[in-house]
Amino acid sequence: MKRIFIILGIVTIAGTGYGQNTKGKNTSVKKDSTLFQDDPIAASLDSLSRLNFFEKGYDVVKSPNFHFSPDSVPSYSDAEIEERMSKLDANTPFDLQYNDVVKQYINLYVKKKQLTSRILGLSRLYFPMLEQILDRYKMPLELKYLAVVESALNPTACSRAGARGMWQFMYTTGKLYNLQINSYTDDRNDVVKSTIAACEFLKFLYSTFGDWQLAIAAYNCGPMEVSKAIRRSGGKTNFWAIRPYLPRETEGYVPAFIAVNYVMNYATSYNIYPSIPIETYFDVDTISVHHQLTFQQISNYLRISTDEIAYLNPCYKLDVIPYSSDGCYTLCLPVSKVGTFVTNEDSIYALAKKDTLTSRQILAMQESQPQVEYHRVLRGEHLSSIANRYHCTVRELKEWNGLRSAYVKPGQHLMVYVSRGRHKETATARKGRSKDIYTVQAGDTLWHISQATGISMAQLKKLNHINGNFKLSPGARIRLSANAG
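Going by my numbering, the residue at position 141 of the sequence shown is 169; the numbering climbs one at a time, nothing skipped.
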């Protein structure tokens, strides 16, 4: 806790004098290279392809206002896009400007139109929730688009660094903002609770830097990285001016946010329509639960699939709602099922009590839950050898990672789901990896490594003899203890 207060104190001092809003137009930005491999924005989009519930319950709504052929992708001149962007910019405290970098991210979302269609559909369920909380905190409603950049509105998203949920909180940051994480639940996957935490964090960042663009950049890389970029730029407090001094991943973070603002408002003009879920915001309601219930029990009583229950309640890790005397646990259900539950609540609890899980059964459920691992493809590896290593099939690897072919290249990261038992085996058998050493991945910053390992940035710098000019490179080895070789 002392370490946290020291960090916050340093950031607050470094942020003094940033209260001036620097909203400006047509800031010159040199042409950027194409999006780098394993771009985190593209990865968050691809994560939607692994949400099985989409395949069961979504329909694309078509608009009569446009007459495009199904596969066509209309294109527009830079002047047309800039004019549209200026209209959005006139109604927001954010500096929404159009340039080559923003254009790349607009093209990314347009190119991945099927996944963008899913985001549009999910927005019908989640945006009303996000807007209510943002309004309560008196924050710009456009911040809802930050959740699209972070996770593509996927409340079960998990990054290779261990960030989870719609707002991609690391474990330690989630705890700092009162998100409960235990064997049963992970509030980082709870849309309402994680949005409240995100508002509190963003409010702190805005009070530090006095500029929303810098605040959302700090949300991505950490306030210390933004403060360092400001100093290296000679004290400039405009995102585009400090952009060259930010971590590579953060360089694209604010442009992606601007692109999402544009795409979400002009999707239909690109022949992209929402894939509407079975339930939207007005089709669901939340009730308090006072007894341990499993998703299977709820399914049996209410005649609703366990997949749908899990989809609406992503914070429960074991498909179990634990006991709570004060009703702190909630259950989200279709409105059509809420009345049945409330009317028969006592009977449901009485029946469930006869079938309460033992600690041995809960442990078995924990062992059977899949664990996410990220495998970095080595030279000479192919999908079949990777599948053998993780005891899965090539088809599963392709589905988990949205691969159309079996081709992979060295350095590529693959998501792998393994049982907790298998996770222990592969972790023990894995060579060349020590708990005392962290290997830097593309997009990592010292802030990310600190959050992932629970080791302060000051301690990491001391252990690795890092000075102010040090820049992390993929493949570099970071010592996590004095015993590391």
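Glycine included, C-beta positions come from ideal geometry on N, C-alpha and C.
Counted as a single uninterrupted DSSP element, the stretch harbouring T467 is not any alpha helix (DSSP H) but the beta strand (DSSP E) occupying residues I465 to T467. Taking the Cα of Y435 as reference, the smallest distance to any Cα among G408, D128 and Y445 is reached at G408.
In the structure shown, S261 falls within a coil segment according to DSSP collapsed to helix, strand and coil. DSSP links E401 through a beta bridge to V444.
DSSP, read as helix, strand or coil, puts R192 in strand. The alpha-carbon separation between A226 and Q208 amounts to approximately 14 Å. Of the residues I332, P272, T223 and S297, the one whose Cα lies closest to the Cα of E307 is I332.
For the pair Y290 and T184, the Cα-to-Cα distance works out to about 25 Å. Contact between the segment 240-258 and the segment 267-282 is present, with at least three C-beta pairs closer than 8 Å.
Where C356 is concerned, there is no enclosing beta strand (DSSP E), because DSSP gives it neither an H nor an E.
Cβ contact annotation for L379 (same chain, cutoff 8 Å, sequence separation greater than five): Q325 and Y329, in chain order. The beta-bridge partner set that DSSP reports for C186 consists of R192.
Judged by beta-carbon spacing, V138 lies within the 7 Å limit of Y298, meaning their Cβ atoms are closer than that value.
Distance from the CA of N511 to the CA of Q196, rounded to the nearest whole angstrom, comes to 31 Å. Cβ neighbours of F155 within its own chain (closer than 7 Å, five residues either side excluded): K172.
DSSP places I315 inside the beta strand (DSSP E), whose first and last residues are V312 to V317. Between D311 and V366 the beta-carbon gap is near 11 Å, outside 8 Å, which marks them as no contact. R192 has its alpha-carbon roughly 13 Å from the corresponding atom of E401. Per the coordinates, the alpha-carbon of F229 lies some 8 Å from the alpha-carbon of Y205. Assignment of S211 by DSSP, reduced to helix, strand and coil, places it in the coil class. Excluding sequence positions up to five before and after E279, its CB lies within less than 7 Å of the CB of R271, all in the same chain and listed in chain order. Under DSSP, T322 takes part in a beta bridge, and its partners are V348. Beta-bridge annotation (DSSP): L361 is paired with D313. With 16 or more other Cβ atoms inside 10 Å of its own Cβ, K140 counts as buried. Going by DSSP, I270 is part of the alpha helix (DSSP H) stretching over F267 to I270.
By the neighbour-count criterion, in which 16 or more other beta carbons inside 10 Å mark a residue as buried, P102 falls on the exposed side. Leaving aside the five residues that flank A338 on each side, the residues in its chain whose CB is nearer than 7 Å to its CB run, in chain order, F323 and D347. The three-state reading of DSSP puts S303 in strand, counting E and B together.
In this structure V468 touches I506 by the C-beta definition: roughly 6 Å separates them, less than 8 Å.
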